[in-house]
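I have placed the structure first, in the form of structure tokens, so that the comments after it can refer back to it.
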Amino acid sequence: MKNLVEQTILVSGKSRLEASDFEQQSRNLSSGNTPVSGSFAGMTLEELEKQSIVQALENYKGNLSHVAVALGVSRAALYRWLEKNGIQTDK
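When you read off a place in the sequence shown, starting at 1, and then add 2, the result is the number in this note's numbering.
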């Protein structure tokens with residue numbers, strides 16, 4: 003369930019989710035139609051990680067607390083990811 007919620011948040015790009023968003027993502031996950039087979043094809047794990055962080059930052063307008071929750075990590079872990087990926091924020 004947690005993975006479904008996290009995937010739906012990251013893939014949808016919406017600030018407000020509806021039941022249909024979760025239903026669509028559930029169908030995608032069960033049928034194997036994950037983002038890796040679409041827009042993320044050919045990306046390395048590091049590139050996927052960076053893209054997920056950047057997308058979450060955009061979705062939550064730079065609010066690091068919300069980004070950390072959406073990505074399922076602590077704020078400390080998020081800060082490490084930001085540093086590792088060379089992502090600058092307006093802290």
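All C-beta atoms in this analysis are idealised placements derived from N, C-alpha and C, irrespective of residue type, glycine included.
Straight across, the Cα-Cα distance linking His68 with Ser28 is about 23 Å. The DSSP-derived three-state label of Asn5 is helix.
Judged by DSSP in its simplified three-state form, Ser17 adopts coil rather than helix or strand. Val75 carries a coil assignment under DSSP once its states are collapsed to helix, strand and coil. If you draw a straight line from the Cα of Phe24 to the Cα of Lys86, it comes to about 31 Å.
Residues Thr91, Asp92 of the same chain have their beta carbon placed closer than 8 Å to that of Gly64, with the five preceding and five following residues left out of the count.
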